[in-house]
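*Asks:* Letter by letter, the sequence shown follows residues 12 to 244 of the working numbering. Glycine included, C-beta positions come from ideal geometry on N, C-alpha and C. All of these numbers come straight from a predicted model, not from anything done at the bench.
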Amino acid sequence: MKPLLKLSIFFVLILTACSPSGYTCKAGICIRISVEGPVQAQVPARFVISVKTEKDIKRLPIGFTIYPGLSVSDIEKIPENAKLIFQDHTIIDWEINTIGGEESQFIGHIILAKPTVSYGIFNYSVMAHFSQPDFGRVSNSVTIYLDSSGMQVEEGKVKTILQTGFPAPTPPPDLTIVPETPMPTVAWPTATPLPSLTPTQPAYPAPGIQINTAGTNQKQPLPSPNQAAYPNP
Numbered sequence: 012m013k014p015l016l017k018l019s020i021f022f023v024l025i026l027t028a029c030s031p032s033g034y035t036c037k038a039g040i041c042i043r044i045s046v047e048g049p050v051q052a053q054v055p056a057r058f059v060i061s062v063k064t065e066k067d068i069k070r071l072p073i074g075f076t077i078y079p080g081l082s083v084s085d086i087e088k089i090p091e092n093a094k095l096i097f098q099d100h101t102i103i104d105w106e107i108n109t110i111g112g113e114e115s116q117f118i119g120h121i122i123l124a125k126p127t128v129s130y131g132i133f134n135y136s137v138m139a140h141f142s143q144p145d146f147g148r149v150s151n152s153v154t155i156y157l158d159s160s161g162m163q164v165e166e167g168k169v170k171t172i173l174q175t176g177f178p179a180p181t182p183p184p185d186l187t188i189v190p191e192t193p194m195p196t197v198a199w200p201t202a203t204p205l206p207s208l209t210p211t212q213p214a215y216p217a218p219g220i221q222i223n224t225a226g227t228n229q230k231q232p233l234p235s236p237n238q239a240a241y242p243n244p
């Protein structure tokens, strides 16, 4: 057997020995989350978070996170040496004083929302984690698959189902489809030509009057001034 292959097998054996089945471990701390099935939408499903440490640890942070589509129904049990630090609709945080070699469990129930589409596969995830200042956060998670009726689907069958073509969704019987109304056609008016200009006639003399230019060099009598309408006083 080649030395590199021997070394690889050696490391695999070490990791297997340090990590109990289904646990995620780091620096002698292990965590696991499981959800008891079969799971059904809108029915409480029991989850268990298990924590083990090689040695005693004071105030070890343990977290539980759920993702959209899930809600926490209740927390049934926590270890006596654990206390609640924070809780909202998606996160729960505890602190626990562990005893080396002993397993501690947090138990509760989650509810999965019913799928809103009549076909396909829907996934929901929950995660448990711990953290330490020297290496950060380590997590362990579970993904649950439901079909469109809200029943759990085994993970091994999910890929086969997803590769199968789904029929187009059937519209509800009370749905009224209104056909699209085309936009009305607008008939724009044609441009009206501007009226042509008529040549203007000279203001004087009036049309049809002849001007006698004979004797233009003769003196013309001056016009007499207008007489006043009444004699001056």
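Less than 6 Å between C-beta atoms, sequence neighbours within five positions excluded: which residues of the same chain meet that for Asp104?
*Replies:* If we look at Asp104 and ignore the five residues flanking it on each side, its Cβ neighbours are Gly74, Ile96 and Phe97.
*Asks:* Which one of Val149, Arg43, Asn108 and Gly167 has the shortest CA to CA distance from Ile132?
*Replies:* When each option's Cα is compared against that of Ile132, the closest is Gly167.
*Asks:* Check whether the segment 144-161 and the segment 108-118 touch, using three or more Cβ-Cβ pairs below 8 Å as the test.
*Replies:* Not touching, per the Cβ criterion.
*Asks:* Identify whether Lys170 lies in helix, strand or coil by the three-state DSSP scheme.
*Replies:* It is helical.
*Asks:* Using a threshold of 9 Å, state whether the C-beta atoms of Val59 and Cys41 are closer than that.
*Replies:* Cβ atoms of Val59 and Cys41: not closer than 9 Å.
*Asks:* List the residues that DSSP assigns as beta-bridge partners of Pro72.
*Replies:* DSSP lists Glu106 as partners of Pro72.
*Asks:* What does DSSP give as the partner residues of Val50 in its beta bridges?
*Replies:* Beta-bridge pairing links Val50 to no other residue.
*Asks:* Based on Cα-Cα distance, which residue from Ala93, Thr35 and Pro195 lies nearest to Arg70?
*Replies:* When only C-alpha atoms are compared, the closest one is Ala93.
*Asks:* To the nearest angstrom, how far is it from the Cα of Leu123 to the Cα of Glu47?
*Replies:* Cα to Cα, Leu123 sits roughly 13 Å from Glu47.
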